Each structure stands twice: as structure tokens, then as C-alpha cells.
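Reviewing the structure listed below.
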Amino acid sequence: MYDYIIVGGGSAGCALASRLSEDEAVRVLLLEAGPRDWHPYIHLPVCYYKTTKGGLTWGFELEPQTHQEGITPAFAQARVLGGGSSINAQVYIRGSAADYDNWVTMGCPGWSYEEVLPYFRRSEANESLSAPYHGTEGPLSVSDQRHTHPLTKAFTRACQEFGMPFNGDFNGKDQAGAGLYQITNRNGRRCSAAVAYLARARKRSNLTVRTACAVRRIVIERGRAVGVEYLDGGRGVTERADQAVILSAGAINSPKILMLSGIGPADHLTSHGIKPAFDLPGVGKNLHDHLDIFMMYNVHGLSTYDRYKKMHWQLVAGLQYALFRNGPVSANVVEGGAFWSTSGHLDTPNLQYHFLAGTGIEKVTSGTSTGNGCTLNAYLLHPLSRGQVTLRSADPAAAPSIDPKFLDVQSDLDCTIEAVMIGQEIMAQPSIAKFISNEFLPGPELRSRAGYEAFVRSQARSGYHPVGTCRMGLDEMAVVDPELRVRGIEGLRVADASIMPRLVSGNTNAPSMMIGEKAADLLRGNHIASPSSVVPFERAKNDPSAVHH
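Quick note: the sequence shown uses this note's numbering, first residue 22, plus one each step.
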């Protein structure tokens with residue numbers, strides 16, 4: 022018997038397990054479906070693109086995308102201890118203050134920027150930044166880049182020539198502008214949630230971590246979650262929880278497990294032969310994600326990261342890393358960043374850019390590379406299109422149906438097209454244009470509105486930031502309340518990106534850890550006072566579009 026069972030050892034689950042087990046009187050079980058984070062590619066920053074393919078992911082594919090010519094792209098979701106933090110590009114972004122203040126407006130009291138900032142600070146050990154926005158004593162190492170490619174610095178200068186201010190801290194007073202991303206890195210190695218939160222916590226006798234354990238369903242008795250059933254080496258196991266079961270399996274698997282347990286839209290469950298334990302229509306709904314579009318360029322005058330595809334250059338870089346723990350192996354590749362707005366958008370930025378001094382990470386279906394290039398990724402931060410996660414069958418081993426319905430709303434398409442146009446203007450600025458041989462994706466022939474639209478529909482792919490499928494709120498479609506309690510079932514909570522009512526302005530890894538941190542305090546009945554010295558982000562005042570754009 023345990024006090025708490027946490028399902029999912031990802032970014033939120035690791036933080037939650039660590040914090041709950043700080044109380045020696047509490048017994049905590051953390052279950053992860055994937056393996057331990059032993060693979061060397063996980064810990065070498067430059068190898069992140071290798072980890073997003075193969076056995077460290079679930080191997081999901083999207084349903085045919087109606088507005089994208091019916092494509093069914095791969096949809097990488099981590100299946101390893103540490104979750105997405107073990108396979109991502111290590112970019113540390115929290116989102117804007119307006120994101121969290123808007124959550125309150127959408128029915129989530131307690132989740133304002135001033136109320137979540139203490140949890141971001143508590144989690145963080147920033148090597149160069151401190152109060153009022155940053156922490157320095159937390160478990161998660163956040164660092165400046167050990168290796169930044171010269172072309173990335175040219176990109177940040179080009180953004181300034183375009184008209185963006187330089188921004189030395191995207192998580193500080195104002196998100197707008199261009200600069201270098203800080204990364205979740207410790208001494209030249211990835212600092213995942215597993216490394217940050219579990220390295221010490223696993224030594225505690227009251228914390229049990231089990232990997233390769235796939236949860237089949239939550240055990241519910243008389244309207245209360247009392248445990249979980251899972252497979253361990255093909256053997257069925259049931260463990261019971263005295264206090265609570267917490268789902269931290271992510272925006273795809275948390276709703277899947279709820280539905281397999283009889284919690285979800287009753288008609289949908291019945292159609293798969295599952296007896297409803299509680300009719301909760303919002304489970305699996307409100308799925309949304311960043312739709313990533315990329316521009317690619319051939320480069321001359323200097324060598325990009327593409328040259329490290331050749332074995333002799335890999336050996337040189339490997340030797341540098343082994344001796345000094347720096348150089349290209351310590352690079353996260355996704356080095357340059359920018360936050361900006363489409364025309365007519367006057368509040369916080371609604372576009373994000375990632376610059377990579379290399380190609381080959383993104384799978385493309387057109388264009389001709391010389392083997393020495395760079396990539397600029399862009400996406401709309403707050404898409405309006407909404408999809409869903411549903412069951413294909415009652416078999417827990419079957420992948421769910423995942424349909425974000427990308428570009429279902431016209432404005433998402435319009436803003437994504439403008440994001441491409443802005444990106445092309447940035448790349449035409451003198452500081453970086455002098456290194457560009459040619460644009461091979463989308464290419465110089467793209468001039469008409471119809472051409473841009475066809476490019477976005479055919480080439481855009483998920484940014485792998487799904488949220489919203491167990492939405493937090495107070496209305497009838499909400500799955501959890503602002504204390505993360507599942508409506509209608511006692512002793513059951515959800516704590517991961519699925520509870521976000523709306524996407525944050527940026528990458529979702531840091532916010533997921535914040536959710537895990539806050540969930541631990543909600544379970545323990547604790548509260549961190551908001552820091553009185555915080556100067557809020559600059560944001561629009563009394564602008565209802567800040568909630569609905």
C-alpha cells in the first residue's frame with residue numbers, strides 16, 4: 022500500500038514524486054511505461070534529434086489531417102523516464118505572464134502569473150540569472166549555452182536589423198525580441214526532470230520508481246480511485262493508494278487512461294464496451310498544439326552543424342567534448358530564438374521562432390540541400406483549432422486516435438503564412454544574408470498567397486506541445502478543477518500538460534514541471550507566497566483579446 026501512486030515519470034511526474042517523497046512519512050510509487058533514462062543519446066545535448074525517433078517514444082501517428090492534404094505525420098511523445106525532458110531540445114521557456122493570468126479568467130483561480138512564478142523559481146537553479154524572476158537553488162539546472170554557432174549569433178543580429186529588440190531573458194520582464202535560449206543543461210549534459218528531481222530522491226526509502234510498467238486502468242471503488250492496474254514484464258499487478266492516484270502521463274495518455282478506466286464521454290466509452298464510471302464529456306477534448314513550419318537555407322562561408330554528419334568531424338567533436346565538456350556535442354542545436362507578433366496583434370507576442378545552424382532534423386518532402394545549411398522554425402503560439410484524443414478500442418495496448426485538427430480555423434492558417442513571410446524577411450537582413458547561398462524551402466518561386474497556403478498545408482508539422490485534453494476549469498466541460506481533482510471521482514488528480522486550458526507562449530517542458538511542483542503543494546496543503554518584489558511582464562491592460570486571440 023502506498024499513500025500516492027503517480028502514473029507517468031515525465032516532467033511533471035518526476036517533480037511531483039520528488040516533492041511528495043520529501044515527507045518521510047509518505048510512501049510514493051512512481052510508474053513509468055518506458056525504460057530508465059540510460060541511453061547515452063539522452064544525455065549528450067546534440068543528440069536530441071536521435072531520441073525523438075525509435076524506442077524512446079510511443080510511435081504515435083496523427084489521424085489524417087483534413088486541412089493538410091490528409092497527411093498522417095509521426096507524432097513523437099516520450100516513452101522514457103524523464104518524459105519529454107529526456108528527448109527535447111532543452112529549451113527553457115515558461116510562457117508569458119498573460120498566459121497564466123488568462124487561465125484565471127478562463128476559470129482557474131490560483132494559477133495567475135504571480136501565483137505560479139514561485140513554483141518556477143523553486144524548481145530552478147539558474148547559473149546566471151536570479152531574482153525577481155529566477156531561482157538559483159532548485160533542482161533543475163538552467164544554463165547559458167556552452168557552445169553557440171556563429172551563424173546563430175548572425176541570426177540574432179539579423180532579427181535586430183529587422184526591428185526586434187535584443188532580449189537577454191525570454192522568461193523575464195518582457196518576452197518580445199530576439200536572443201539566445203537558455204537551456205536545461207548541467208555541465209554540458211542534459212538536465213532532464215529525471216536527472217534534476219530523481220537523482221537524489223531515488224535514494225529515499227519511501228520512494229519507489231518502477232520503469233517498463235504500463236498502466237492499464239485506474240481501480241475505482243464506490244466512486245473513489247483506490248489504485249492502479251499495470252503490466253510489469255507481462256505480469257498483471259495491482260497496487261493500491263491510500264491518499265490519491267495522480268495521472269501525469271501527458272496530454273495523450275492521461276485522457277486515454279481515464280477513458281480506459283470508465284471516466285470520459287459515456288457514449289464513446291459504451292461504444293468500446295467500457296462501462297462508464299462517470300460521464301465526463303471533456304476528457305480527450307480541447308486538444309491543441311503548436312503547428313511548426315520551417316524555412317531552410319543553404320549556407321556558404323562557414324560550416325554548419327551539418328558537417329558533423331561525417332564520421333571524422335564526429336570524432337573531432339567527440340574528443341573536444343571528452344576533454345573539455347564543450348564544443349558541438351554540448352550544443353542543443355536549437356540555439357537562437359525570437360518572439361514577435363503578426364500584423365494587428367498588439368498585446369503579447371503570438372509567434373515564436375527557433376533558429377538551428379543546420380538541417381536534417383526536420384523531415385521535409387521538397388527542396389535541394391547542399392549539405393551545409395540552416396533552418397528557421399516558426400509557429401503561432403495560440404492557435405484556435407481544437408481536436409481530440411479518443412480510443413480506438415478497449416485494448417490498453419492500442420494507440421489512441423489523435424487528431425489535433427490543425428488549421429481547422431482560418432486565422433491559424435493566416436498567421437502561419439505571415440510567420441513564414443516574417444521569417445523570410447529576417448533571413449534577408451544583412452548580418453545573415455551574407456552567409457546564405459539560397460533558400461531551398463520554401464524556395465524563391467513562392468510568391469502568391471496560394472503558394473504560401475499550399476506550402477503550409479503540405480509541410481507544417483506538430484511542434485510536439487500537445488495540451489488541454491484534461492482541461493482545468495469550473496465549467497461542465499472541465500475535467501479537473503483548479504486543485505487538479507478529477508470531477509466526479511474522489512482520490513484522483515491529473516498533473517501534466519493536459520490540464521492547461523490554453524497553450525502557453527512557448528515550449529511546454531518548464532510549465533509541466535511547474536505543474537508538478539504546484540500539484541505537490543496542492544496535495545500537501547501547502548502554499549508558496551507570491552514574491553512581493555516581482556515586476557510583472559509588460560502586457561496589454563484591459564484587453565479581452567488577450568484571452569481569446
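C-beta atoms are modelled at their ideal positions from N, C-alpha and C, and glycine is treated no differently. Fair warning: this is a prediction, and the values are worked out from it, not measured in the lab.
Skipping 5 residues on each side, what residues in its chain have a beta carbon closer than 8 Å to that of residue i?
i: LEU467; result: TYR473, PHE476
i: ASP496; result: GLY128
i: ASP63; result: The residue asked about is misnamed: residue 63 is Ile in this sequence, not Asp. Same-chain partners within the cutoff: THR72, LEU77, VAL101, GLY103, SER107, ILE108, ARG211, SER213.
i: TYR549; result: Checking the sequence shown, residue 549 turns out to be Ile, not Tyr. Excluding positions up to five away in sequence, the list reads PRO139, TYR140, ARG143, ASP542.
i: LYS330; result: GLY381, GLY392
Taking the C-alpha atoms as reference points, what is the distance between residue i and residue j?
i: THR169; j: ALA352; result: 7 Å
i: LYS224; j: ASP263; result: 22 Å
i: ASN192; j: TYR154; result: 7 Å
i: ALA119; j: GLY394; result: 36 Å
i: GLY105; j: LYS194; result: 27 Å
i: ASN347; j: LYS74; result: 25 Å
i: PRO557; j: GLU135; result: With a pLDDT of only 38 at PRO557, under 50, the local geometry of the prediction cannot be trusted, and the value read off the model is given with reservation. Answer to the nearest angstrom: the Cα atoms are 8 Å apart.
i: GLU538; j: PHE187; result: 31 Å
i: ARG413; j: LYS296; result: 16 Å
i: LEU65; j: ARG40; result: 27 Å
i: ALA54; j: VAL28; result: 9 Å
i: TYR70; j: THR411; result: 28 Å
i: GLY546; j: GLU504; result: 10 Å
i: LEU372; j: ASN398; result: 10 Å
i: ILE92; j: GLU84; result: 8 Å
i: MET317; j: ASP165; result: 26 Å
i: ALA233; j: ASP416; result: 18 Å
i: ARG470; j: MET448; result: 20 Å
i: CYS436; j: ASN227; result: 50 Å
i: ILE267; j: SER162; result: 26 Å
i: ARG506; j: SER362; result: 36 Å
i: GLU43; j: ALA419; result: 36 Å
i: PRO302; j: MET498; result: 6 Å
i: GLU559; j: PRO370; result: A caution first: GLU559 carries a pLDDT of 36, below 50, which makes its placement in the model unreliable, though a value can still be read off. The alpha-carbon atoms of GLU559 and PRO370 are separated by roughly 11 Å.
i: LEU51; j: GLY34; result: 8 Å
i: MET185; j: LEU401; result: 17 Å
i: SER292; j: PRO286; result: 10 Å
i: GLY257; j: LEU524; result: 36 Å
i: ALA270; j: GLN431; result: 31 Å
Keeping to the same chain, check which residues put their C-beta closer than 7 Å to that of residue i; ignore five residues upstream and five downstream.
i: ILE438; result: TYR473, GLU474, VAL477
i: THR157; result: ALA146, ASN147, SER151
i: PHE456; result: LEU172, ALA175, VAL320, HIS321, GLY322, LEU323
i: THR21; result: This structure leaves residue 21 out entirely; the chain is present only between 22 and 570.
i: ARG482; result: PRO94, ASP313
i: MET535; result: VAL137, TYR140, PHE141, SER144
i: HIS88; result: PHE427, LEU428, ASP429, ARG478
i: ALA338; result: TYR329, GLY348, PRO349, VAL350
Could you pull the DSSP bridge partners for residue i from this structure?
i: GLU242; result: ARG245
i: LEU161; result: GLU145
i: ASN371; result: In the DSSP output, where bridge partners are listed per residue, ASN371 has none listed.
i: THR93; result: Paired residues: none, contrary to the question.
i: HIS321; result: According to DSSP, HIS321 bridges with nothing at all.
i: GLU53; result: Looking at the DSSP assignment, GLU53 forms no beta bridge with any residue, so it has no partner.
i: TRP361; result: LEU372
i: MET493; result: VAL501
Return the chain-ordered list of same chain residues with a C-beta closer than 6 Å to the C-beta of residue i, the five sequence neighbours on each side being excluded.
i: PRO160; result: ALA217, TYR218
i: SER133; result: TYR121, ASP122, VAL125
i: GLY131; result: PRO503
i: PRO61; result: none
- Message: Please give me, in chain order, every unbroken run of the beta strand (DSSP E) with length at least 3 that falls completely inside the segment 108 to 138.
- Response: none
- Between the segment 528 to 542 and the segment 106 to 122, are three or more C-beta pairs nearer than 8 Å? Contact holds between the segment 528 to 542 and the segment 106 to 122, because three or more Cβ pairs, one in each stretch, are under 8 Å apart.
- Query: Should the segment 277 to 285 be regarded as contacting the segment 239 to 258, the criterion being three or more beta carbon pairs within less than 8 Å?
  - Reply: yes
- Query: Using 8 Å as the threshold, is the segment 405 to 425 in touch with the segment 355 to 363, meaning 3 or more CB pairs across them?
  - Reply: no
- Query: Are at least three pairs of beta-carbons, each pair with one atom in the segment 517 to 524 and one in the segment 480 to 492, less than 8 Å apart?
  - Reply: yes
- Per the contact definition of three or more C-beta pairs closer than 8 Å, is the segment 243 to 252 in contact with the segment 501 to 510? yes
- Message: To test your reading of the DSSP string, which unbroken beta strand (DSSP E) runs of 3 or more residues are found completely within the segment 404 to 456?
- Response: 409 to 411, 422 to 424
- Where are the alpha helix (DSSP H) runs, 4 residues long or more, that stay fully inside the segment 159 to 197, in chain order? Counting whole runs of 4 or more residues, the segment 159 to 197 contains the alpha helix (DSSP H) stretches 171 to 183.
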